[in-house]
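Working notes, beginning with the structure itself.
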Amino acid sequence: LLHCRKGEQLKGFQKLRLALDMFKELQHKLGIGEATLEMGHASNDSPQGVIYYEQSLVARRQSSDLAGEAVCLRSLANLHAFLGNTRAACKCWHDALNLHRELGDAGGVRSSLEHLCSLYSQLEDYNRVVDLVGQLRDSAVARKDADAEAQALVLMGKCNISLGNLTGAEGSFKLALKICQEHAESEELMVRAAECHDKLAKLYLEQGRPEGRSHIEHVQKLRKKLGKDMLKGVVEESSLQQTHYKRQLMS
Numbered sequence: 001l002l003h004c005r006k007g008e009q010l011k012g013f014q015k016l017r018l019a020l021d022m023f024k025e026l027q028h029k030l031g032i033g034e035a036t037l038e039m040g041h042a043s044n045d046s047p048q049g050v051i052y053y054e055q056s057l058v059a060r061r062q063s064s065d066l067a068g069e070a071v072c073l074r075s076l077a078n079l080h081a082f083l084g085n086t087r088a089a090c091k092c093w094h095d096a097l098n099l100h101r102e103l104g105d106a107g108g109v110r111s112s113l114e115h116l117c118s119l120y121s122q123l124e125d126y127n128r129v130v131d132l133v134g135q136l137r138d139s140a141v142a143r144k145d146a147d148a149e150a151q152a153l154v155l156m157g158k159c160n161i162s163l164g165n166l167t168g169a170e171g172s173f174k175l176a177l178k179i180c181q182e183h184a185e186s187e188e189l190m191v192r193a194a195e196c197h198d199k200l201a202k203l204y205l206e207q208g209r210p211e212g213r214s215h216i217e218h219v220q221k222l223r224k225k226l227g228k229d230m231l232k233g234v235v236e237e238s239s240l241q242q243t244h245y246k247r248q249l250m251s
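All letters in the sequence shown, in the order written, are residues 1 to 251 by the numbering used here.
Okay, here's the thing in structure tokens:
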């Protein structure tokens, strides 16, 4: 592992192969699962990594290592998604979700549901996304996890936009924003609030509604407070929003 982390992939792989052969000779299923998992990590996101992850999965199931199985499924899901095997990635995340629920791992459940929402959005299966978001929100409410609930509502808003339900989208973003404002001390929820303001600004500007202006101003205030790097990739550049706003006024 040290060789791999130093960028010496060939040396690292040779050592992992030796370890794997020893574990096989010892019939040590946990060791086989760990060695093949690390070989998958060392495969540099290549299709060969899928083979190693699947071997690890078999070994972990044979040794009834549920937590290790979940870790392996997550790695396999991420690699399938990277390689464009979206439906295979969905299958892995569904299996991981079931394991995380069995293990009582709330963080794992949330992560699995969020990844599934993203993947099914890519497949444009929005009815499935609506169901998953509902599960995500129910889980968040039960655990009193404000950030997870806000995230679920943001995902629902995005899904409603894709379905053409702009009223539903507006309602979801407003509910998420309300949760963020109730936990104004949380930096994570300030980022989420900026995203809500950004989505509402875009929604209103596209409809020619003047409320969009105030939401742009809120985004700008949060950008100054948090720093622009924290909102990178989360909200639209303010210059683009301002241009959109001016065009709406001119029209």
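Cβ atoms here follow ideal geometry from the backbone N, Cα and C, with glycine treated the same way.
Answer yes or no: do residue i and residue j have a C-beta to C-beta separation smaller than 7 Å?
i, j, result
"His-100", "Ala-88", "no"
"Ala-169", "Asn-160", "yes"
"Trp-93", "Ala-67", "no"
"Ser-56", "Gly-33", "yes"
"Leu-200", "His-215", "yes"
"Cys-117", "Val-129", "yes"
"Thr-86", "Gln-48", "no"
Distance cutoff 7 Å, beta carbons only. Does residue i sit that close to anything in chain B?
i, result
"Leu-116", "Included in the structure is just one protein chain, with no chain B present."
Relative to the C-alpha of residue i, which candidate in the options has its C-alpha closest?
i, options, result
"Ala-106", "Arg-143, Val-130, Gln-48", "Arg-143"
"Glu-124", "Gly-157, Cys-92, Ala-140, Ser-162", "Ser-162"
"Gly-12", "Arg-110, Ala-201, Pro-210, Met-39", "Met-39"
"Ala-19", "Arg-5, Arg-61, Lys-6, Leu-1", "Leu-1"
"Val-141", "Gly-164, Leu-203, Arg-110", "Arg-110"
"His-233", "Arg-209, Arg-192, Lys-221", "The question names His, but residue 233 is Gly in the sequence shown. Ranking Arg-209, Arg-192, Lys-221 by Cα distance to Gly-233 puts Arg-192 first."
"Leu-166", "Lys-202, Lys-224, Gln-9, Glu-187", "Lys-202"
Leaving out five residues on either side along the sequence, give the residues of the same chain with a beta carbon under 6 Å from the beta carbon of residue i.
i, result
"Cys-90", "Leu-119"
"Met-156", "Val-133, Ser-172"
"Leu-73", "Cys-92, Asp-95, Ala-96"
"Phe-82", "Asp-45"
"Tyr-204", "Glu-211, Gly-212"
"Ala-59", "Lys-29, Ile-32, Gly-33"
"Leu-153", "Ser-172, Leu-175, Ala-176"
Quick one: what's got a C-beta closer than 7 Å to residue i's C-beta in the same chain, skipping five residues either side?
i, result
"Val-235", "Ala-194, Glu-195, Asp-198, Val-219"
"Lys-15", "His-3"
"Ser-239", "With a pLDDT of only 45 at Ser-239, under 50, the local geometry of the prediction cannot be trusted, and the value read off the model is given with reservation. Within the same chain, Ser-239 has no close Cβ partners at all."
"Arg-253", "A question about residue 253 goes unanswered here, because the residues of the chain that appear run from 1 up to 251."
"Ser-112", "Trp-93, Ala-96, Leu-97, His-100"
"Lys-24", "Ile-32"
Enumerate in chain order the residues of its own chain whose CB-to-CB distance from residue i is below 8 Å, with the five nearest sequence positions on each side excluded.
i, result
"Ala-70", "Ala-96, Leu-99, His-100, Leu-103, Asp-105, Gly-108"
"Leu-189", "Ala-146, Asp-147, Ala-150, Ile-179, Cys-180, His-183"
"Tyr-53", "Thr-36, Leu-37, Gly-40, Cys-72, Ser-75, Leu-76, Leu-79"
"Leu-226", "Glu-187, Met-190, Val-191, Ala-194"
"Gln-9", "His-3, Ala-42, Asn-44"
"Ser-251", "Residue confidence is low: Ser-251 scores 46 on pLDDT, short of 50, so the model does not pin down where it sits. Its coordinate-derived value is still stated next. Result list for Ser-251: Gly-208, in chain order."
For the ligand FMN, is there a heavy atom less than 6 Å away from the beta-carbon of residue i?
i, result
"Asp-198", "Summarising the ligand content, the structure contains no ligands, and the ligand FMN is consequently not present."
Return the chain-ordered ranges of every alpha helix (DSSP H) run that is complete within the region 101-153 and spans a minimum of 4 residues. 106-122, 126-143
Taking one C-beta from the region 175-183 and one from the region 122-141 each time, how about it: are there three or more such pairs within less than 8 Å? no
Cβ pair count under 8 Å reaching 3, the region 43-56 against the region 21-31: no
Which whole runs of the alpha helix (DSSP H) in the region 25-98 are 4 residues long or more, in chain order? 29-41, 47-62, 66-82
Inside the region 151-232 only - alpha helix (DSSP H) runs reaching at least 4 residues: 166-182, 187-206, 211-226
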